[in-house]
Every structure is written in structure tokens, then in C-alpha cells.
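Residue numbers (the working numbering), protein chains in the order written: chain A, 1315 to 1429; chain B, 613 to 723.
We put the beta carbon where it would ideally sit given N, CA and C, even for glycine.
A quick write-up on the structure given underneath.
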Amino acid sequence: ETGVTQSPTHLIKTRGQQVTLRCSSQSGHNTVSWYQQALGQGPQFIFQYYREEENGRGNFPPRFSGLQFPNYSSELNVNALELDDSALYLCASSPHRDRGSYEQYFGPGTRLTVT
Amino acid sequence: GQNIDQPTEMTATEGAIVQINCTYQTSGFNGLFWYQQHAGEAPTFLSYNVLDGLEEKGRFSSFLSRSKGYSYLLLKELQMKDSASYLCAVRDQPGNTPLVFGKGTRLSVIA
């Protein structure tokens, strides 16, 4: 069973640029959530995708957008990068049909640095 | 609003027992999770509580009191590899919905 994978591992961008981060969900998981984790903080929810539709969004501006593909992989796009966007971006997948905990499985993250 | 509080840092000795507390005030409650996160790595699932009481899993136990909005993670027989951040997270809505995380507790295990 393949776990959650993310690419790239690290990325350095300049303020004002755009970035795309990628995530492949764990086998059998059709729900993907994205989180932003600033240094020394807990993860903050950005948005969630289920069956290629956004079905939940946190308190992030519209320049944060995403996609989910038919194979359940997902992208996070950030436009007009700001210095405060520097963070670890985590992708988590979970099975939609689960009457238990709906446990979220996290990928290793992408460390984004904006200069 | 949503508020999850946990101590910022703790230090404990190898072989000892440590308890990490978490208090929460959320709009709803549909389960509490504890995750372990080593520096620069992904959070890994440790435990889940949805009913009051203690859940034990090896060296790790987690307790929940819904009436008090309180949980703790208990780590026994501490090992150096337990040095990590421990994240408390609450699911405030039913179903497969996002988690609300605390800022994490950085635990240092010393010899």
C-alpha cells in the first residue's frame, strides 16, 4: 500500500510568483485535505476535495486554489506569493466511507520559502 | 471561535512518564486526535478519542473528558526517539471533515 506522497520536497520562490504543489493520496482514499503549517505552529486547514469538488474551505484568500483529479491526486496553487506564505504545506488523505475516525494520513509535506 | 490549547514545550527524562494536556473550545465535537510530528516530517497518527475515558495503545494512552473539554496524552517509558512535537486536533463537524489543530507541544527527552 502506497502512502501519501507530495512533490516537490522543497521550493524557493520570489514574492509575486505563482506555485503549484502536488499530492498523491493513499491508495483507496478519495478525500484530500490541504493544510499550511508555519514554523512553530499547528497545521491550518486550507481546503478539502472530494470527488473532484471542493467541499470545505478554511480562512484563506482566493489566491489559494486547488484541484482534484479523477485518480484522487490533488494540486494546490498559490498565486501572487507573499512572504507570509513561507510554510510547510501538508496534504492529508482519508477514506470517505468510514464509520470510524475518518483518520487523516499525512504526506511528508512541501517546504515553501518565499523571498 | 475555535480554540485548542496545549503547553508549548515540555522536558522529561528517558524512562519516565510524561502527560501532555490539551483543552479545547470548539463549535462542535466529533472526535479528538493526537499526532506525533518529528522536526521537518509529516504528522503521524497516535490516537483517537470520541467517547469519555482512556484509550491505551502500547506506551501511549489518551484520555478524554468531553464535559470538561479536556484531553491528555500519556507517554510511558520515554525513549530518546519520543522527542518530537505532539499535536492535539479536534474534528468539530460530523463526517469526514477537516481537523482543527493546536499549536503543538514540543517534547524533549533527556538522558
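Item: Measure the C-alpha to C-alpha separation of serine 1335 of chain A and glutamate 667 of chain B and round it to an integer number of angstroms.; Value: First, the residue type needs correcting, since residue 1335 of chain A is leucine and not serine in the sequence shown. So the alpha carbons of these two residues sit roughly 36 Å apart.
Item: Hey, could you find the ends of the beta strand (DSSP E) glutamine 631 of chain B is sitting in?; Value: 630-637
Item: Roughly how many angstroms separate the alpha carbons of phenylalanine 1374 of chain A and proline 710 of chain B, rounded to a whole number?; Value: 14 Å
Item: Would you identify the three-state DSSP class for aspartate 1398 of chain A, choosing helix, strand or coil?; Value: helix
Item: If I'm right that cysteine 634 of chain B touches glycine 714 of chain B with Cβ under 8 Å, what's the distance once you round it to whole angstroms?; Value: 6 Å
Item: So the candidates are A:Cys1337, A:Thr1323, A:Thr1429; which of them puts its Cα closest to the Cα of glycine 1380 of chain A?; Value: A:Cys1337
Item: Report yes if the C-beta distance between tyrosine 682 of chain B and tryptophan 646 of chain B is below 8 Å; otherwise report no.; Value: no
Item: So, with DSSP's three-state summary, where would you put aspartate 664 of chain B?; Value: coil
Item: Is there contact between the stretch 617-633 of chain B and the stretch 670-689 of chain B, where contact requires at least three CB pairs shorter than 8 Å?; Value: yes
Item: Tell me where the beta strand (DSSP E) around tyrosine 682 of chain B begins and ends.; Value: 682-687
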